[in-house]
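Colleague: I have a structure I would like to understand better, so I am pasting it below and will then ask my questions one at a time.
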Amino acid sequence: MNVSFEMLTDKNLVTGAMLTVLLLLLALSGVRGQLPYHDAHCGNKQVIVHLFNWKWKDIALECERFLGPKGFCGVQISPPNEHLVERPNRPWSERYAPVSYKLTSRSGTEAELRDMVNRCKRVGVRIYADIVINHMAGVGFSGVGSAGSHFDANKREFSGVPYSISDFNMVGRCPNSDNNIHNYDDVNDVRNCNMGGLTDLWQEKEWVRGKIADYMNSLIDIGLAGFRVDAAKHMWPGDLDVIWARLHNVDGGRPFVYQEVIAGGAVHASEYYHLGYVTEFNYGEQLKYAINHFENLRGVVHLDWGMAPTEHAFVFMDNHDNQRGGQLHFDNPVEYKRAMAFTLAFNYGFARVMSSYYFTDRSQPPPHDGDTIKDVTINADGSCGNGWVCEHRWKVIANMVRYRNDVLNTGIENWNVQGDVMWFSRGNVGFFAMGKTNFNKHIYTGSYSYRV
Numbered sequence: 001m002n003v004s005f006e007m008l009t010d011k012n013l014v015t016g017a018m019l020t021v022l023l024l025l026l027a028l029s030g031v032r033g034q035l036p037y038h039d040a041h042c043g044n045k046q047v048i049v050h051l052f053n054w055k056w057k058d059i060a061l062e063c064e065r066f067l068g069p070k071g072f073c074g075v076q077i078s079p080p081n082e083h084l085v086e087r088p089n090r091p092w093s094e095r096y097a098p099v100s101y102k103l104t105s106r107s108g109t110e111a112e113l114r115d116m117v118n119r120c121k122r123v124g125v126r127i128y129a130d131i132v133i134n135h136m137a138g139v140g141f142s143g144v145g146s147a148g149s150h151f152d153a154n155k156r157e158f159s160g161v162p163y164s165i166s167d168f169n170m171v172g173r174c175p176n177s178d179n180n181i182h183n184y185d186d187v188n189d190v191r192n193c194n195m196g197g198l199t200d201l202w203q204e205k206e207w208v209r210g211k212i213a214d215y216m217n218s219l220i221d222i223g224l225a226g227f228r229v230d231a232a233k234h235m236w237p238g239d240l241d242v243i244w245a246r247l248h249n250v251d252g253g254r255p256f257v258y259q260e261v262i263a264g265g266a267v268h269a270s271e272y273y274h275l276g277y278v279t280e281f282n283y284g285e286q287l288k289y290a291i292n293h294f295e296n297l298r299g300v301v302h303l304d305w306g307m308a309p310t311e312h313a314f315v316f317m318d319n320h321d322n323q324r325g326g327q328l329h330f331d332n333p334v335e336y337k338r339a340m341a342f343t344l345a346f347n348y349g350f351a352r353v354m355s356s357y358y359f360t361d362r363s364q365p366p367p368h369d370g371d372t373i374k375d376v377t378i379n380a381d382g383s384c385g386n387g388w389v390c391e392h393r394w395k396v397i398a399n400m401v402r403y404r405n406d407v408l409n410t411g412i413e414n415w416n417v418q419g420d421v422m423w424f425s426r427g428n429v430g431f432f433a434m435g436k437t438n439f440n441k442h443i444y445t446g447s448y449s450y451r452v
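With full-length UniProt numbering applied, the sequence shown covers 1 to 452.
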């Protein structure tokens with residue numbers, strides 16, 4: 001029996017704009033073919049969320065009360081290792097300045113990390129660590145890290161690992177006298193010199209490879225399912241090959257890996273495809289402009305421009321870096337919700353949702369009382385308090401997670417744009433429509449099992 005549907009408004013999206021997502025009763029079977037390091041180990045769920053700078057205790061609670069029931073695949077956590085303590089302001093960037101691989105950070109202790117991983121896993125949510133293995137803390141810093149380890153970055157001494165000056169790329173391997181990157185068109189500059197003054201590790205050295213592999217294996221042994229690899233383009237793929245080969249299996253096979261590779265200059269994202277997904281920053285940049293011009297949405301993926309094919313692309317609208325550099329983010333909720341709804345309805349790549357805190361300057365730390373990160377409180381309407389944005393809880397984003405899971409392995413069909421309204425179907429399984437103004441069209445008929 002064919003039945004027409006009524007358009008369902010997400011009142012949190014925007015007054016005067018509408019979004020409809022329906023799932024046809026007919027379901028398809030089968031799963032996407034997996035490449036090494038491409039299996040997220042979450043039962044073919046398709047969306048992870050980055051809970052940026054959350055405490056481990058709060059992540060455990062969020063897995064149990066929201067992420068598990070909503071069908072999220074997993075959580076990207078902030079770097080769990082010992083890091084720089086940069087007083088008095090404690091900027092978020094200190095998490096990306098390692099001091100050792102001890103598992104005590106501003107987010108919590110190793111015991112709290114273990115508890116969180118286990119509690120999330122019990123409700124079907126896997127954990128992926130953001131790992132910083134390209135470098136250690138930057139030149140100009142010394143003192144004691146978040147786990148109590150002493151270090152002096154100027155001397156390249158990190159007692160908590162330990163690393164010494166012979167474990168770092170210095171002048172000779174780096175072609176520049178100040179040891180910093182100057183030319184992104186020179187691959188030796190990009191991979192053998194300091195990025196922004198951060199002390200660049202020499203991953204070709206056996207000692208360094210062993211310490212990095214030990215760190216990653218310690219996280220796997222706790223129960224983590226994979227990694228986001230920070231600054232991957234600044235490391236030689238051959239060195240990562242050797243390190244990856246030493247990693248333990250996770251439950252179900254090889255670890256899930258996605259690598260920060262901002263394509264351009266001498267580095268090509270395709271060099272890293274065999275090592276896991278690569279972050280596709282161009283997708284979000286294209287979508288930022290296309291989301292207000294629906295006729296351009298079909299062209300947000302340009303493989304001939306060097307964008308990664310869907311089987312290698314890790315996609316997102318914004319991340320913790322570029323939301324502080326002009327990218328569309330939560331500060332423009334109307335366009336942002338529209339862009340995220342489209343991302344989760346579209347069939348490109350493996351998707352991540354950003355979950356932020358409010359900020360007024362680029363270096364602002366997470367909400368805190370002194371050195372302690374504030375709890376993520378939940379308001380009566382399901383939104384977050386204490387300065388946390390929690391985009392993943394916004395109705396249209398949270399509900400689209402189920403849709404993306406259910407339309408796995410289907411293509412885009414019936415694409416149509418009429419002025420301020422656009423729609424398409426995902427094979428004969430799902431239907432997606434959105435508009436910038438109110439619309440009530442008899443667009444597509446069918447029998448549906450649920451509506452978002």
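Using N, Cα and C, we set each Cβ at its ideal position, and we do this for glycine too.
Within 8 Å (strictly less), CB to CB, does Val85 reach chain B?
Modeller: In the structure shown, chain B cannot be found, because there is only a single protein chain.
Colleague: Using 8 Å as the cut-off, can you tell me whether the segment 256–274 makes contact with the segment 179–191, which would need three or more C-beta pairs spanning the two stretches below that distance?
Modeller: The answer is yes - the segment 179–191 touches the segment 256–274, with three or more Cβ pairs under 8 Å.
Colleague: Of the residues Glu64, Gly108 and Phe66, which one's Cα is nearest the Cα of Asn81?
Modeller: If we check each option's Cα against that of Asn81, Gly108 comes out closest.
Colleague: Tell me whether Ile165 is buried or exposed, calling it buried when 16 or more other Cβ atoms sit within 10 Å of its Cβ.
Modeller: Exposed.
Colleague: Please report the distance separating the alpha-carbon of Asn192 from that of His41.
Modeller: Distance between the alpha carbons of Asn192 and His41 is about 34 Å.
Colleague: Along the chain, where does the alpha helix (DSSP H) that runs through Thr104 open and close?
Modeller: Careful: Thr104 lies outside any alpha helix (DSSP H) and carries neither H nor E.
Colleague: Output yes or no for whether 8 Å exceeds the beta carbon distance between Cys63 and Cys120.
Modeller: Cβ distance < 8 Å, so Cys63 and Cys120 count as in contact.
Colleague: Count the other C-beta atoms from every protein chain shown that fall within 10 angstroms of the C-beta of Tyr403, then say buried if there are 16 or more, exposed otherwise.
Modeller: Tyr403 is buried by the Cβ-count criterion.
Colleague: Rounded to whole angstroms, what's the CA-CA distance from Asn409 to Asp152? Just pull it up for me.
Modeller: Going by the C-alpha atoms only, they are around 51 Å apart.
Colleague: For Asn179, which residues in the same chain have their Cβ closer than 7 Å to its Cβ, ignoring the five residues on either side in sequence?
Modeller: Cβ neighbours of Asn179 beyond the five flanking positions: Met170, Val171, Cys193 and Asn194.
Colleague: Do Asn347 and Arg246 count as a contact pair if the criterion is CB distance below 8 Å?
Modeller: The answer is no: Cβ separation not under 8 Å.
Colleague: With distance defined between alpha-carbon atoms, name the residue in Pro333, Ile77, Pro91 and Arg90 nearest to Leu103.
Modeller: Per the Cα distances, Ile77.
Colleague: Do you know offhand how far Glu285's Cα is from Gly148's?
Modeller: For Glu285 and Gly148, the distance between alpha carbons rounds to 40 Å.
Colleague: How many angstroms separate the CA atom of His274 from the CA atom of Asn379?
Modeller: So the alpha carbons of these two residues sit roughly 43 Å apart.
Colleague: Put Trp56 into one of helix, strand or coil per three-state DSSP.
Modeller: Trp56: helix per DSSP, three-state reduction.
Colleague: With distances taken between CB atoms, is the gap from Gly71 to Asn414 smaller than 8 Å?
Modeller: For Gly71 and Asn414, no; Cβs fall outside 8 Å.
Colleague: Since I believe His312 is in contact with Tyr277 (beta carbons under 8 Å), could you give me their beta-carbon distance rounded to a whole number of angstroms?
Modeller: 6 Å between Cβ atoms; contact.
Colleague: Mapping DSSP to helix, strand and coil, what is Ser383?
Modeller: If DSSP states are grouped into helix, strand and coil, Ser383 belongs with coil.
Colleague: Taking 8 Å as the threshold (C-beta atoms), are Gly349 and Phe294 in contact?
Modeller: It is not a contact, given that the beta carbons lie outside the stated cut-off.
Colleague: Report the three-state DSSP secondary structure of Gly226 (helix, strand or coil).
Modeller: Three-state result, Gly226: strand.
Colleague: What span of residues does the alpha helix (DSSP H) with Tyr403 cover, start to end?
Modeller: Taken as a continuous stretch (DSSP letters only), the alpha helix (DSSP H) holding Tyr403 covers Lys395 to Asp406.
Colleague: Using DSSP's beta-bridge definition, name the partner residues of Ile412.
Modeller: DSSP output for Ile412 lists Arg426 as bridge partner(s).
Colleague: Using DSSP with H/G/I as helix, E/B as strand and the rest coil, what is Ala231?
Modeller: Ala231 falls in the coil class under three-state DSSP.
Colleague: Could you say which of Gly223, Leu51 and Glu86 lies nearest to His320 if we only look at CA atoms?
Modeller: Here the closest residue by C-alpha is Leu51.
Colleague: Roughly how many whole angstroms lie between the Cα atoms of Asp251 and Thr310?
Modeller: Taking the straight line joining both Cα atoms gives about 25 Å.
Colleague: From Arg126 to Lys45, what does the alpha carbon distance come to, in whole angstroms?
Modeller: Cα to Cα, the separation comes out at about 11 Å.
Colleague: Using the rule of at least 16 other Cβ atoms within 10 Å of the residue's Cβ for burial, across every protein chain shown, is Lys155 buried or exposed?
Modeller: Exposed, by the Cβ-count rule.
Colleague: Quick one: residues in its chain with C-beta nearer than 7 Å to the C-beta of Asp318, no 5 flanking neighbours on either side, listed in chain order?
Modeller: The residues are Gly284, Gln327, Leu328, His329 and Met354.
Colleague: If contact is defined by three or more beta carbon pairs under 8 Å, each pair taking one atom from either stretch, is the segment 195–204 in contact with the segment 228–242?
Modeller: Because the criterion of three Cβ pairs below 8 Å is met, the segment 228–242 and the segment 195–204 touch.
Colleague: What did DSSP end up calling Ile212 once you bin it into helix, strand or coil?
Modeller: Ile212 falls in the helix class under three-state DSSP.
Colleague: When the distance is taken between beta carbons, is Val229 closer than 8 Å to Ile131?
Modeller: Contact: yes.
Colleague: Is Asp239 helix, strand or coil by DSSP?
Modeller: Reduced to three states, the DSSP call for Asp239 is helix.
Colleague: Which of helix, strand or coil does DSSP assign to Trp388?
Modeller: Trp388 falls in the strand class under three-state DSSP.
Colleague: Could you round the C-beta distance between Asn386 and Val376 to whole angstroms and report it? I think they count as a contact, below 8 Å.
Modeller: Indeed, because the Cβ distance is near 6 Å, the residues count as touching under 8 Å.
Colleague: By Cβ distance below 6 Å, which residues in the same chain neighbour Lys288 in space, the five residues on each side in sequence not counted?
Modeller: Taken in chain order, the residues that qualify are Leu328.
Colleague: Buried or exposed, going by whether 16 or more other CB atoms sit within 10 Å of the CB of Arg122?
Modeller: Exposed, because fewer than 16 other Cβ atoms sit within 10 Å of the Cβ of Arg122.
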